[in-house]
Amino acid sequence: MAADGVICDGDHLVLDVNGEKLSFVQKLKANGTMRVGKYTVSTAPLIGAPFGALFEVTADGKSLQRVLLPPADEITRITDTERDNSNLFDRNTENQKLTQEQIEELKKSGKAGSEIVDLLCSNSATFEKKTEFAQDKYKRRKAKKYITYLTPRKPTARMISEAYYDKCPERVWNLRHDTLAVMLSLGNVAAGAKVLVVEHCLGLVTAAAVERLGGQGAVCATQLDERAAPLDAVRLMNLDPQQRSVLFTAYASSLLKDKAAVERCEGLAAMTTAVPAAAPATIAAAAVTGASEAAGEQAAQADDGKQQAEEAAGAGGEEAKSADAAEEAMEVDAATAASGSAAGPDAGAGAGPSAGGQQQERQPRGGDGRDGGGGGYGSFMPRPEALCSVLVSGFDCCLLAHPKMHPTALLDAIWPLLAPSATFAVYSPWAQPLAEALAHLQGSRNAVMLQLQESWLRPHQVLPARTHPHMTCSGSGGYLLSGIKVVPPEATPLAAALVQHLKSASGGAAAGGSGAGPAVEAKEAAGGEGEGQGDGEGRGRWQVSLWSGQDFGSWCLCLHVHCSR
Amino acid sequence: MAADGVICDGDHLVLDVNGEKLSFVQKLKANGTMRVGKYTVSTAPLIGAPFGALFEVTADGKSLQRVLLPPADEITRITDTERDNSNLFDRNTENQKLTQEQIEELKKSGKAGSEIVDLLCSNSATFEKKTEFAQDKYKRRKAKKYITYLTPRKPTARMISEAYYDKCPERVWNLRHDTLAVMLSLGNVAAGAKVLVVEHCLGLVTAAAVERLGGQGAVCATQLDERAAPLDAVRLMNLDPQQRSVLFTAYASSLLKDKAAVERCEGLAAMTTAVPAAAPATIAAAAVTGASEAAGEQAAQADDGKQQAEEAAGAGGEEAKSADAAEEAMEVDAATAASGSAAGPDAGAGAGPSAGGQQQERQPRGGDGRDGGGGGYGSFMPRPEALCSVLVSGFDCCLLAHPKMHPTALLDAIWPLLAPSATFAVYSPWAQPLAEALAHLQGSRNAVMLQLQESWLRPHQVLPARTHPHMTCSGSGGYLLSGIKVVPPEATPLAAALVQHLKSASGGAAAGGSGAGPAVEAKEAAGGEGEGQGDGEGRGRWQVSLWSGQDFGSWCLCLHVHCSR
Amino acid sequence: MSNFLACNAPVEDGASSSSTTIKQGDCVIVYEGINSMKAVYITPKGRFENRFGVFRHQSWVGKPFGSKVIADGGGKGWVYLLRPTPELWTQVLRHRTQILYLADISMVVMQLDLRPGSVVLESGTGSGSLTHSLVRAVAPTGHVHTFEFHAGRVEDAAAEFQQHGLTQLVTVKQRDIMENGFPDTLHGQADAVFLDLPGPWKVVASAAACLRPNGRFCGFSPCIEQVQRTSEALSANGFTDILTYECLLREYEVHRETLTTTVRLADMPAAKRQRPNNRAAAQQAAEATAAAAAEAAVAEAEKADAEAGAEEKGEAEAKGEEKAEATAAEGEARAEAAEVEAGAAAGGAEGKAKEEEKDEGPMPPPKRVSLLPACVQTVSCRPSLEARGHTGYLIFARKFVCG
Amino acid sequence: MSNFLACNAPVEDGASSSSTTIKQGDCVIVYEGINSMKAVYITPKGRFENRFGVFRHQSWVGKPFGSKVIADGGGKGWVYLLRPTPELWTQVLRHRTQILYLADISMVVMQLDLRPGSVVLESGTGSGSLTHSLVRAVAPTGHVHTFEFHAGRVEDAAAEFQQHGLTQLVTVKQRDIMENGFPDTLHGQADAVFLDLPGPWKVVASAAACLRPNGRFCGFSPCIEQVQRTSEALSANGFTDILTYECLLREYEVHRETLTTTVRLADMPAAKRQRPNNRAAAQQAAEATAAAAAEAAVAEAEKADAEAGAEEKGEAEAKGEEKAEATAAEGEARAEAAEVEAGAAAGGAEGKAKEEEKDEGPMPPPKRVSLLPACVQTVSCRPSLEARGHTGYLIFARKFVCG
């Protein structure tokens, strides 16, 4: 059996064209068509084929033909990265006996591109005189022109990551697959882990974590404000209900409030009963997520600049051409979000829940649940036992990839949710904010194994007599800050440590029964350096205080003055 | 004739031991000794030999033996960078027939190490059975143990750069030779250029610029405060008087003042006469440099932290052992500076010039002028014509490598001294300050071709069947900001542009005849964005205002408020 | 059953936090510093000793992982007790061979498409560094078959897997894979194969036999010549998507730096004498007025005291630890920051007199921020100077899907 | 005699600035944007035209290099006139072959120990990119002998050297160096040799014959196999210190970024409605009160107007220019900064009312800085996404000193 199984009607796919271009197909239809390079072909041959099978576009450009043996010329991955090394010699001396008309005729005849290439070689007056390497080069050049290979891939987190980085690196903040791989290692993400994710990379980090868990453990896709946690990449995977069951969405603020509520009951034995009472805030918040997601995402995009808005608009115009849907899947997704609600941040806010109107907005997004099992993608409610577990013990992995949020503030905010010895990894395309966060954590003495690293990746061309690194490559995969949370000695019993955390985090504010939450300072009491302090005013956001004013640049002094005096 | 000439008594040298360790010899004495690896050998064989000749330490470790033919085993550069790739097989199976005693005997006999290695090979029971590659590996391992090769090198800027980076990278702020090379290219440094240098890298940048000029043009080693411009690297080179003649030292403040004076005379024709009158401030400042250099350098070091002070102290203790002098040349240099004046910053300030006491302090540093030609290294007086040229036309190259000075402030300060179309390159071990300076220049519209780059260097081991990049390498060579100065259209005639610059730079302050200089804002008038403004108070420093408060982080807002209101 | 994998712990056991606290038999990573860690297995009578003191294992039982613990008998020493992860294990394991590090390991796990349930073959086992990461990736339902030529290493690795509670997930066997290939029983069974051998090309045919269609291959080789031969073998054995990567992690050092923002008019003797050094002046001002600036500085001073108390520890940590420099530098920078802060606060009121005393001469009354414009404090980062330049090339390939 | 080299200009001519101003025959680099430059040779009747307007050469004569000049006839267009340097030339030259770039060129010049007076051999000349840097390094007393197989390229290069006033410093000849080696007349004459040929190993013996003892060799090869063969040839021909390097320049993009520093309690409906977006709120506040915050904002606003006027130019520059993005982003960021500043100033007094109006509900009276804690403005840099991954390997060697 093939390692990745076979392609079914309704599957999502990543299309790999000539090993150099990746695109998405969502919900493959057996009787549909799709775009492959410059051709539009029927999707029928894909159904029932194993993921990873090789197809060739027929020379007439209208259909796919399965290739059952590895191409003899080993050029399924056609690269063209040669520096012209033969400066001294002109090369426009090829004598091709086939005329352009004959070649066009061949193409129209429906012959496979590889056959045309063979004919071109045998009709070249100079081909036989060339060296072996020159012949190889010649074939590759012609193959690039006449053959289109297609490989349908299973949409794994790796493939989605490569495709995103390839198509729209700025929308995943340049997070490259090798950096993501290191992030998952440093986070110690594995089956059974309880993973807290805060990200703004199209759900890529969330998707990777869900994949690694294999149905055991918990992944909380956390949202900080009214913008829903992105789940685009999760939706692109063919997850079964068990795999998907680990994922839930929640507001950071609800988690913090619930954790405080759990801790107030003190004594670990009482917690299981305490949870149901405390849970509603989180669960309600999670329920809202699905409904406000489209609007929230749209608001997020509007906030991110014109480019994406333009992309979405452009794709919206093309939506009619369903043949292009595969090629444009990602943009279409954005357009869908846009059409789901009126545009603009106000609309995003308007679509948000009101205290009484939460329940009726809890429709799943239409049709996303491909196999009907479990809830749709729109409602990632936490399973009570998973929620209980993360609230009592804390998350043991933490993956942050929300670069527009200063990492110092973000770490401060979610810190109480992490278990002692929790591994965390923070991604950013910039080194400087991570350096500031590292300095901050170093000062706080609440974390060890602090490292700031950049993943460096270099692909090589390995060909006879032509081995060298690729001539162009990705310039950056971003930076990672990582570490492990520790707790001071005076807080030996776990519960006490947590209680201490939360008491200082939530200050003297009352329990979250009322609609207005407390504005609290999430100042770490650990290490005896800080002191918790709440201002008791019902302002609608978390104010994260700073241990050291310098970490934030110009505004920090003002902020500090404002917050604490 | 050898490309680099022959070694003479009194020359400075760089010693290259086994191609992997570099050290300095200052003022080679024909009848002295020097340290080579763990041996102390006579220097006599070096005299009259070409630079780059190969020597081998005799097996008794007491003398040098010239090697006149390339070693047959091609292992003058003994590297040991192999990852042990044969995990599967134990290798401690060598059967050496020579006993350890016999080997010791051979060493005492005065045999060359290469002969011992040959004997070891022929007495190994397994050597002949090894593959060719394994034999090669074996020989290299043994060679590393028994042979010490020495190559005396001409102390070029490249060799000095490599030696500094190797020995004390932190004292040249990690400036690596390839980064220096790029800096010289971007600066367009060449014969005839007028180069402004502000650096804190042991004089390395200055030395490289002097070398590239070959006796034609001007290099101004500029000092910003009472700390003299470092010239250590210049002193390590064997410069002839003509080559050396391009170099002079000056205070940035004097140059700025003189330039203002020159410009006040308006009209280019009048300037040649104006210069002598205006020059004294700069020349007097330059004269002082020599005397206060030792003290100033000492102050700079004290400021830079304990490490260097400790180094100097440690070397001072070893100074008695003259045999170690070669090995420790650099540290000895620091110790000399330390003994030249009482330690501590106050001493440094105390040794500085007072208005009336400048002249008598103008002794050159003893004995540094190795050939008696021209002034000693202590007095780099500007030639009047060179000074005139840079004051009238401005510097056409600018190399800045003073990382403890914020590049935005440094560029602002020296900006009026640069000619239009001047090329500049700024070095820092950190990207962030350079990024801030780039953003600042971009906003000012006074420079084009702005680039922030990092030089990336990777050495490779190329050996049969064992080709790969070195297993360890330098992690960073630092960052470069570069660009070209431009001037706005309304200032078409050069003189007018300069006058405008200087008027705005010096504000309404009077000419620098008095002892107290004006505290001025070097705000660029170009582009019509700024407005010059002086506070007229005799405070002893330049206050550099900022175009945009954000460039400096936290303090900038306060600064801005303080400076301009 | 030890605590190496989260999936071995009772994950739904919300009522007790036993999985998060240290118990008998657990592997604990004792953290003294980023380059000074040890693996310790908790036993009833066990003791951990280091230069800072003696710690009874028993006193650690019941504490949560991540705790800072103080040496017995009121010693000043302390260590952190961390939950083991494959990454920490890579830092503490006994090197029986050269090992793979984080960048390569992460890339291998990602590019081999490992996930819970995968079956992966590895040769050779070596020090078991990569093996732990492979096990983590395929647990709890997959399996790692790892092979090693050297009998002693097989034994050591097997003992470690036992101790770490991984025996259900990994099988280690002695076998000369380069000579004999993988066992026939594994043909058609593997989702992924990883080779770290001197001659990976010799094993490509066997790997092809073991891999399912679309299965992933990875070979690690330090030298390009091995890569070239392996690539040829892969092409000849029905592999496709043959891609060679190098990957490294570039480490950055983080410091607090003070950058000067003022060019001084240094040829003015009078001014010079009064202000020999901006920073020195700032420090003097801060020191002179520290007592007065009580509200702002007291907390910082207490911290400084605390740090002085921890000095012995700090010194010890610094030895032989590059990373510890960062901590030390950080401490220094904090002290500086405290001084500057104190200076600023002091300058506002009581400090003013002091300051004017120093700045004799016709100065305008200094404002609150008069000392500040001379420099700017920043957090700076730069790549570490000593870096790993190369580990090896990773050749990835995919078994062609014929059927 | 053109203006390509500083040493060709009368350096001691302090009385006149003729060497710094544009004159007939000069080569001028016309700079439109970092990726849009052209070389122009000044002629009496010459005209330079681009999409922004027409410029007569004559109107440029007498202006200093580095000037910004406006198009004739009051067009809006402008360009900068830069003095040529080998680096600028590399960006504008007509590519007759693949060329070397800054990183490799700098390394070659440095590692070949070139200085005024050196004699250096080059093959092939190619597009003459490296040749210009070699000439700069050895001028005014050294010489570059450069050889090229292709007759047309020889002609083109010779014409350029003539036009750039370099004929005393460089000789270009047609010759098949791989076949015939360097001319015998150069034996023992060279301080340095540079080869950029498909088969550098074929020329190593000839290079050895031309080099003086201790002379430096450099070969540039894209593929590792060429490096391996060349290294062997160097060992066999009396070279030592054989070192292979790769060097690249990594480019960084600089932007102004706004990072959020506040996690919002987003499940509070009332609050949410009032503050849909911190930034949007800040902007609205800034806009609404811009008129009132006159002192702070007027200067910025004027600048914004000026920028609006330059819009056409800015748009045009942006096309096809990656680097221009930085400028555009910068402009945007500045506009934002102005708004925030305005907002802050406004918040102090007149703005307060507006703000309270928006923030209806039981809020405490907002303080001056109430909008600020939500974000921090920073200058950020990161490596450019598209990078040159490889150019070639540089093999350096030194001729063994036998005599």
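If you read the protein sequences in the order shown, they are chains A, B, C and D. Residue numbers for the first sequence follow full-length UniProt numbering, so the first one is 1 and each next one is one higher. Residue numbers for the second sequence follow full-length UniProt numbering, so the first one is 1 and each next one is one higher. Residue numbers for the third sequence follow full-length UniProt numbering, so the first one is 1 and each next one is one higher. Residue numbers for the fourth sequence follow full-length UniProt numbering, so the first one is 1 and each next one is one higher. Every residue gets a Cβ at the ideal spot worked out from N, C-alpha and C, and that includes glycine. What you are looking at is a predicted structure, and each value in this text was computed from that prediction instead of being measured.
- In this structure, DSSP gives L93 of chain C a state outside helix and strand, which the three-state scheme calls coil.
- Close to chain C, meaning a Cβ-Cβ distance shorter than 9 Å, are the following residues of the region 221 to 235 of chain B: Q223, L224, D225, E226, R227.
- Straight-line measurement puts the Cα of P433 of chain A at about 21 Å from the Cα of L480 of chain B.
- For the 8 Å CB-CB criterion, A190 of chain B and A192 of chain D do not form a contact.
- Look at the region 380 to 401 of chain D: the residues with a C-beta under 9 Å from a C-beta of chain A are S380, C381, R382, P383, S384, L385, E386, A387, R388, G389, H390, T391, G392, Y393.
- A distance of 8 Å or more separates the beta carbons of L195 of chain D and F161 of chain D.
- In the DSSP assignment, G192 of chain A forms no beta bridge with any residue.
- With respect to the C-alpha of S42 of chain B, the residue from B:T58, B:A260, B:A53 having the closest C-alpha is B:T58.
- Within the region 186 to 219 of chain D, the residues whose Cβ lies closer than 9 Å to some Cβ of chain B are G188, A190, D191, A192, L211, R212, P213, N214, G215, R216, listed in chain order.
- Rounded to the nearest angstrom, the Cβ distance from D113 of chain C to R212 of chain C is 12 Å, too far for a contact under 8 Å.
- Of the candidates D:R153, D:V119, D:S231, D:T258, D:V119 places its Cα closest to the Cα of C210 of chain D.
- The beta-carbon separation of V61 of chain C and I22 of chain C, rounded to 6 Å, stays under the 8 Å limit for a contact.
- Contacts between I34 of chain C and chain A, judged by CB atoms closer than 9 Å, involve V448, M449, L450, Q451 in chain order.
- Annotation for P140 of chain D: C7 place their beta carbon closer than 6 Å to its own, counting only its chain and skipping 5 residues before and after.
- Setting aside the 5 residues that flank it on each side, K107 of chain A is surrounded in the same chain by A59, each with a C-beta closer than 6 Å to its C-beta; the list follows chain order.
- One Cα belongs to E155 of chain D, the other to H145 of chain D, and the distance between them is close to 15 Å.
- With fewer than 16 other CB atoms across the displayed protein chains lying within 10 angstroms of its CB, C402 of chain C is exposed.
- Contact of L438 of chain B with chain D by beta-carbon distance below 7 Å involves V254.
- When DSSP states are grouped into helix, strand and coil, Q243 of chain A belongs to the helix group.
- Any Cβ of chain D closer than 8 Å to the Cβ of E105 of chain B would place that residue at the interface, and such an atom is absent.
- In this structure, the CA atom of H255 of chain D is about 44 Å from the CA atom of A53 of chain A.
- DSSP places E32 of chain C in the uninterrupted beta strand (DSSP E) bounded by 27 to 33.
- Residue state for C168 of chain A is assigned as coil, using DSSP reduced to three classes.
- For L249 of chain C and G37 of chain A, the gap between their C-alpha atoms comes out near 35 Å.
- With a cutoff of 8 Å on beta-carbon distance, L202 of chain A and D232 of chain A are scored as near each other.
- At the C-beta level, Y245 of chain D and L82 of chain D stay beyond 8 Å of one another.
- As the crow flies, the alpha-carbon of N174 of chain A is around 7 Å from that of S476 of chain A.
- For the region 232 to 258 of chain C, the residues whose beta carbon sits under 7 Å from a beta carbon of chain A are, in order, S235, G238, T240, D241, L243, T244, Y245, E246, C247, L248, L249, R250, E251, Y252, V254, R256.
- With the rule of 3 Cβ pairs closer than 8 Å, the region 86 to 99 of chain D counts as touching the region 125 to 135 of chain D.
- Taken residue by residue, none of the region 31 to 49 of chain B has a beta-carbon sitting less than 9 Å from a beta-carbon on chain C.
- Annotated three-state conformation of D412 of chain A is helix, per DSSP.
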